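Okay, structure first, notes after.
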Amino acid sequence: MYEFNYSKASSVDEAKTLHGKSEDPKFMSGGMTLLPTLKQRLAQPSDVIDLAGIGELVGIDVTADTVTIKAMTPHAVVAANPDIQKAIPALAKLAGGIGDPMVRNRGTIGGSLANSDPAADYPAAVMGLNGTIHTDKREIAADDFFEGLFETALEEGEMITSVSFPIPDKAGYMKFPNPASRYCIVGVMVSQKGSDVRVGVTGAGGCAFRVPEMETALAANFAPEAVAEISIPDGDLNSDIHASSEYRAHLVTVMAKRAVAEATA
Amino acid sequence: MTVKFTMTINGKEVQGESEDRTLLVQYLREHLGLTGTHVGCDTTQCGCCTVHVDGLPMKSCTMLTAQADGKNITTIEGLAKDGELHPMQAAFRENHALQCGFCTPGMVMSSIGIVDRHKGETLDEKTVRHELEGNICRCTGYHNIVKAVLSASEVMNKG
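Have a look at this one:
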């Protein structure tokens with residue numbers, strides 16, 4: 001790791017102040033992506049501002065129609081929360097499938113989304129469940145948040161404070177994990193809320209995206225066979241040693257089908 | 001730059017100072033001589049560096065020492081009490097759950113986490129295999145490790 005100055009904020013305001021005073025700062029939540037990045041010397045921030053001491057950023061609130069998860073809540077806590085398990089089981093399942101138990105004890109929803117790793121799980125949840133990203137400045141709709149590979153609508157110094165998900169009638173999540181890292185080769189979250197159907201895909205492209213053709217088909221018939229024959233073009237999809245773009249395109253259809261099967265089981 | 005911190009390690013209060021970028025595993029091994037915690041892959045995948053932070057298993061190769069300020073850390077060296085092995089350590093020995101032993105400290109720390117998460121439940125093989133996904137062993141084929149965890153869970157749930 002290159003050298004940096006570490007500081008720990010105890011409130012959102014303090015974190016913002018520290019950020020404003022630093023030359024090239026980085027916020028750190030669980031550090032599950034940032035620390036490996038620093039260790040490989042792929043980033044060289046002047047300052048790392050630890051958000052782990054900010055109590056106001058941890059917690060879960062489930063009402064009759066919304067699940068709200070504060071930004072610094074670890075995946076293990078989301079996965080084990082009985083209210084989320086009841087309201088949106090697919091979301092608890094998604095959180096419980098990220099990385100491994102030790103990673104889930106440190107990684108957080110805010111860190112995952114702010115980073116927008118193309119292979120992270122939570123972006124599929126935000127897209128597929130129509131989540132809203134709340135920051136210290138504003139609310140950002142799912143469709144406006146992800147802009148590209150590791151790029152989001154967040155401005156410099158803007159911090160995610162919580163994420164809210166409307167509770168759907170049905171939802172299912174399926175992923176094809178990389179067998180070593182457990183990152184998604186492809187992950188698909190499908191949901192139905194009244195006449196609104198969403199299909200959110202992660203792992204396949206530069207960032208999470210929806211598949212309108214599948215959504216239309218599922219709105220007419222919310223069943224696995226409705227998406228079985230729909231394939232997406234592989235032109236813009238990721239291609240690496242783990243999976244070719246053609247294979248990822250194929251997996252999107254297969255995972256979507258299985259996610260719908262899970263949602264309707 | 002350096003940071004100062006206070007933490008409890010294996011029941012003892014430790015006040016220290018390290019570079020801002022020092023990893024917890026480096027501090028444990030190189031400054032405190034607690035070399036039972038191993039560095040295997042150094043990329044958050046193999047689990048050899050697993051320690052407990054406030055009772056929860058975490059990978060100490062992906063945590064700064066500064067992040068552990070104020071925390072209660074348990075390493076493999078802190079498990080045995082009064083010369084008696086922790087039930088998980090005893091079960092690993094009894095079931096021959098190690099060959100070269102390099103992954104063993106991390107395996108033991110993670111496995112205690114598995115039993116803790118399923119307190120009062122009867123663990124099954126599938127659950128243990130699945131929840132050991134963050135620990136890699138290149139010798140044993142995992143078979144005896146799984147047997148050891150199942151056996152230790154019975155003892156731990158009784159106690």
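As given, the protein sequences belong to chains A and B, one line each in that order. Numbering (this note's numbering) for the first sequence: 1 to 265. Numbering (this note's numbering) for the second sequence: 1 to 159. Cβ atoms here follow ideal geometry from the backbone N, Cα and C, with glycine treated the same way. Bear in mind that the values here come from a model prediction, so they are computed numbers and not experimental data.
Which of helix, strand or coil DSSP assigns to residue i
i      : result
B/C61  : helix
A/M72  : coil
A/P118 : coil
B/L56  : strand
A/M255 : helix
A/T63  : coil
B/H96  : coil
A/T152 : strand
A/V201 : strand
A/A52  : coil
B/E77  : helix
Closest by C-alpha distance to residue i, when choosing among the options
i      : options                      : result
A/I160 : A/D65, A/K137, A/G203        : A/K137
A/V298 : A/G203, A/L251, A/I167       : The question about residue 298 of chain A has no answer here: the residues shown for chain A are numbered 1 through 265.
B/K158 : B/R129, B/D116, B/N10        : B/D116
B/I145 : B/D124, B/Q26, B/V108        : B/V108
B/S153 : B/I136, B/F92, B/L123        : B/L123
A/S7   : A/L94, A/D50, A/E23          : A/D50
A/G172 : A/A119, A/R258, A/A141       : A/R258
B/L205 : B/V155, B/G40, B/D20         : One cannot answer for residue 205 of chain B here, as it falls past the ends of chain B, which runs 1 to 159.
B/M7   : B/V53, B/T44, B/V128         : B/V53
B/Q89  : B/E133, B/A148, B/L23, B/K12 : B/A148
Beta strand (DSSP E) segment containing residue i, residue limits
i      : result
B/H38  : Looking at the DSSP string, B/H38 is not in any beta strand (DSSP E), and its letter there is neither H nor E.
A/V12  : Per DSSP, A/V12 belongs to no beta strand (DSSP E); it is in the alpha helix (DSSP H), 12-21.
A/V188 : 184-193
A/H134 : 132-135
B/K126 : That residue, B/K126, is in no beta strand (DSSP E); its alpha helix (DSSP H) goes 125-131.
Rounded separation between residue i and residue j - CA only
i      : j      : result
B/K59  : A/A226 : 43 Å
B/G36  : A/N178 : 30 Å
A/T68  : A/G200 : 19 Å
A/Y2   : A/I241 : 29 Å
A/E147 : A/G205 : 11 Å
A/G131 : A/K70  : 13 Å
B/S18  : A/K86  : 45 Å
B/M63  : A/I230 : 43 Å
A/D65  : A/T108 : 23 Å
A/R248 : A/L218 : 21 Å
A/G20  : A/V48  : 12 Å
A/K193 : B/P87  : 49 Å
B/G47  : A/I84  : 28 Å
Start and end residues, alpha helix (DSSP H) containing residue i
i      : result
B/I112 : 104-117
B/K158 : 143-158
A/Q85  : 82-87
So if I threshold CB-CB distances at 7 Å, which residues from the region 15-41 of chain B count as touching chain A? D20, R21
Members of the region 113-142 of chain A that neighbour chain B once the beta carbon cut-off is set at 7 Å: Within the region 113-142 of chain A, contact with chain B at the beta-carbon level (separation under 7 Å) is assigned to no residue.
Closer than 8 Å, Cβ to any Cβ of chain A: which residues of the region 93-113 of chain B, in chain order? So the close ones are S110, G113.
Using a Cβ cut-off of 8 Å, which residues of the region 65-90 of chain B contact any Cβ in chain A, in chain order? A66, Q67, D69
Residues of the region 228-250 of chain A with a CB closer than 8 Å to any CB of chain B: list them in chain order, please. none
Going along the chain, which residues of the region 35-57 of chain A sit with their C-beta nearer than 8 Å to a C-beta in chain B? L35, P36, L38, K39, V48, D50, A52
For the region 165-189 of chain A, which residues have a CB atom closer than 9 Å to at least one CB atom of chain B, in sequence order? A180, S181, R182
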